[in-house]
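Contents: one structure, followed by commentary.
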Amino acid sequence: MILVTLPTHLRALARVTGPVELAVGEPVSQRAILDALESAYPMLRGTIRSAVTKERRAFIRFFACGDDISHEPADAAVPVDVASGTQPFRIIGAMAGG
Amino acid sequence: MSEVRVLVGTRKGAFVLRSDEQRKDWTVEGPHFPGWEIYHITGTPSDPSRLYVSQSGGWFGQVIQRSDDAGKTWEAVSNDFTYDGVPGTHQWYDGSQHPWEFTRVWHFEPSPTDPDSVYAGVEDAALFHSADGGRSWRELSGLRNVKSDLWQPGAGGMCLHTIVLSPDDPNRIFVAISAAGAFRTDDGGTTWRPVNQGLQSGDELPDASAEVGHCVHSIAMHPSRPDILFMQKHWDVMRSDNAGDSWYEVSGNLPSDFGFPIAVHAHEPDTIYVVPIASDSHHFPPDGKLRVYRSRSGGNDWEALTHGLPQSNCYVNVLRNALAVDSLDSCGIYFGTSGGQVYVSADSGDHWLPIVHDLPPVLSVEVQILP
Numbered sequence: 001m002i003l004v005t006l007p008t009h010l011r012a013l014a015r016v017t018g019p020v021e022l023a024v025g026e027p028v029s030q031r032a033i034l035d036a037l038e039s040a041y042p043m044l045r046g047t048i049r050s051a052v053t054k055e056r057r058a059f060i061r062f063f064a065c066g067d068d069i070s071h072e073p074a075d076a077a078v079p080v081d082v083a084s085g086t087q088p089f090r091i092i093g094a095m096a097g098g
Numbered sequence: 099m100s101e102v103r104v105l106v107g108t109r110k111g112a113f114v115l116r117s118d119e120q121r122k123d124w125t126v127e128g129p130h131f132p133g134w135e136i137y138h139i140t141g142t143p144s145d146p147s148r149l150y151v152s153q154s155g156g157w158f159g160q161v162i163q164r165s166d167d168a169g170k171t172w173e174a175v176s177n178d179f180t181y182d183g184v185p186g187t188h189q190w191y192d193g194s195q196h197p198w199e200f201t202r203v204w205h206f207e208p209s210p211t212d213p214d215s216v217y218a219g220v221e222d223a224a225l226f227h228s229a230d231g232g233r234s235w236r237e238l239s240g241l242r243n244v245k246s247d248l249w250q251p252g253a254g255g256m257c258l259h260t261i262v263l264s265p266d267d268p269n270r271i272f273v274a275i276s277a278a279g280a281f282r283t284d285d286g287g288t289t290w291r292p293v294n295q296g297l298q299s300g301d302e303l304p305d306a307s308a309e310v311g312h313c314v315h316s317i318a319m320h321p322s323r324p325d326i327l328f329m330q331k332h333w334d335v336m337r338s339d340n341a342g343d344s345w346y347e348v349s350g351n352l353p354s355d356f357g358f359p360i361a362v363h364a365h366e367p368d369t370i371y372v373v374p375i376a377s378d379s380h381h382f383p384p385d386g387k388l389r390v391y392r393s394r395s396g397g398n399d400w401e402a403l404t405h406g407l408p409q410s411n412c413y414v415n416v417l418r419n420a421l422a423v424d425s426l427d428s429c430g431i432y433f434g435t436s437g438g439q440v441y442v443s444a445d446s447g448d449h450w451l452p453i454v455h456d457l458p459p460v461l462s463v464e465v466q467i468l469p
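Protein chains in written order, with my numbering: chain A, 1 to 98; chain B, 99 to 469.
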């Protein structure tokens, strides 16, 4: 199972209080994780990536194993520790404001 | 005794204010959806427990919430506002062409008879309709056939913010767009035409009387006289006696004819309300005095309503969706400010009381009367 953490607003929208667990088939990529996430929590459609183009929203970042993988190709494999469920796939609202 | 329910959308959540028909003692419920911008929360005339909410933000985009139990529980319904066909381009601030991009829903207008039928006005400007309570949306794209390459964004974006459904003709709808103007359909939304004759926008447009491009801020109608419309334009308060075919100015003795909302008294079709703002660059009331102006003659002759409103050092704004009237015998008037106050008058504007002082900046105010 893949672990996904959501920012506060999206946890409230999805009505979860902690990380969500998702079954994601191989190969595990950003696109596969987001497809599974939106399938399990349809209220999140359009909030992380465009519902039409599937492009990541501008103020969303993806972190994994201490790295920012936001700009990795959507179909690239995520780190092994994320794919194995050891580490979470972290969806972050970008820092903005001051 | 009736219950009064005021639905307030703010920059940081939605609030529900409740009172009885005396409208003196209020309870405040919320925030719903804390931290999100609530451009509009409104009830459905044919089912007051059915609420629609536009919930949005720069990080996570647009969410549409629906409640079937007056806000006790909520369901996120479809946020898929896909433009029909190739969206094309509109005019950008610098006069260049810019692609059409969906940003948010500004306004819902539910059908008076069917709680599942609701219109949504969006930015970039377009009109959508749902026949299934928000589970899917379809654009009425004929609207964008009306010289939309000449439409341009106002300071708040290029938004379709006003939707007026004709009470005597289900095929007639008026919409207003900043900055494109007013438009009317007489065939249920298939074809549209601009209804801007008589508007003058010499400070904003190269052709002051252009067919499209005017920054219309709000339109109001009394249901007993569906051919008479009142408009708060960027500058100028306007009136049409022929369903928008032509307009004439009724700003009269207002201290400023810039403003955002306009409303009509529930029982007096010639009694209208505006909130003058000093200018488009100031966005606060003239002289630091928060004054609602009332005309009992359908315009031109205006009186300041000040009792209970701050008359010094007040520099708030009242936005286009933030003025509402109720239908009680003694008509109630409500408005919310950019300073987070919501005021009520239970006597048609003669006296005002603050319901709350310190909400986030108010974006929209709607009122429901419940049996």
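Just so you know, even glycine gets a beta-carbon here, dropped at the ideal spot from N, CA and C.
Nothing here was measured: the structure is a model prediction, and the numbers come from that model.
Looking at the DSSP output, D145(B) bridges to T142(B). By the rule that beta-carbons nearer than 7 Å mark a contact, H71(A) does not touch chain B.
Within 7 Å of the CB of G156(B), the CB atoms of chain A belong to F59, in sequence order along the chain. For G342(B), the CB contacts under 7 Å within the same chain, skipping 5 residues up- and downstream, are F272, A280, R282, V293 and L327 in chain order. At least one CB of chain A lies nearer than 7 Å to the CB of A174(B). Comparing alpha-carbon positions, the option among K110(B), R270(B) and Q466(B) lying closest to S154(B) turns out to be K110(B). Nearest in C-alpha terms to G396(B), of all of D212(B), L115(B), V216(B) and V362(B), is V362(B).
Residue state for T435(B) is assigned as coil, using DSSP reduced to three classes. In the DSSP assignment, L37(A) falls within the alpha helix (DSSP H) that extends over Q30 to A40. Counting other Cβ atoms within 10 Å of its Cβ, A76(A) stays below 16 and is therefore classed as exposed. Taken through DSSP and simplified to helix, strand or coil, P384(B) comes out as helix. DSSP places S228(B) within a strand segment (E or B) once states are collapsed to three. Going by DSSP, A253(B) is part of no beta strand (DSSP E) at all; its letter is neither H nor E. In this structure Y150(B) is in contact with G232(B), their Cβ atoms being roughly 6 Å apart against a cut-off of 8 Å. In this structure, DSSP gives D355(B) a state outside helix and strand, which the three-state scheme calls coil. Using a 10 angstroms sphere on the CB of L238(B), the tally of other CB atoms reaches 16 or more, which defines it as buried. The Cβ of M43(A) sits closer than 7 Å to at least one Cβ of chain B. Using a CB distance below 8 Å, the part of the segment 177-193 of chain B facing chain A consists of N177, D178 and T180, ordered along the chain.
V78(A) sits in coil when the DSSP states are folded into three classes, being neither helix nor strand. The alpha-carbon separation between C313(B) and Y371(B) amounts to approximately 19 Å. In the three-state scheme derived from DSSP, where H, G and I count as helix and E and B as strand, M336(B) is classed as strand.
The residue among G93(A), D67(A), R57(A) and A94(A) with its C-alpha nearest the C-alpha of V82(A) is D67(A).
Secondary structure note for A14(A): its alpha helix (DSSP H) is the uninterrupted segment T8 to A14. Counting other Cβ atoms within 10 Å of its Cβ, R270(B) reaches 16 or more and is therefore classed as buried. Residue contact check for G128(B) against chain A: no CB pair falls below 7 Å. Judged by DSSP in its simplified three-state form, N243(B) adopts helix. Comparing alpha carbon positions, the residue from V423(B), H130(B) and L403(B) closest to D448(B) is L403(B).
DSSP places L297(B) outside both helix and strand once states are collapsed to three, so it counts as coil. In chain A, no part has a C-beta under 9 Å from the C-beta of Q330(B); the shortest such distance is about 32 Å. Against chain B, a Cβ distance below 7 Å from T47(A) picks out F158, G159 and V161. Between G133(B) and chain A, the shortest Cβ-Cβ separation is below 7 Å.
At a cut-off of 7 Å between beta-carbon atoms, A51(A) makes contact with chain B. For I60(A), the enclosing beta strand (DSSP E) begins and ends at I60 to A64.
Around R90(A), the same chain offers T5 and F63 as residues with beta carbons nearer than 6 Å, after the five sequence neighbours per side are excluded.
With contacts defined as CB atoms closer than 7 Å, A168(B) and S152(B) fail to qualify as a contacting pair. Counting C-beta atoms within 10 angstroms of its own C-beta, P359(B) has 16 or more neighbours from the protein chains shown and is therefore classed as buried.
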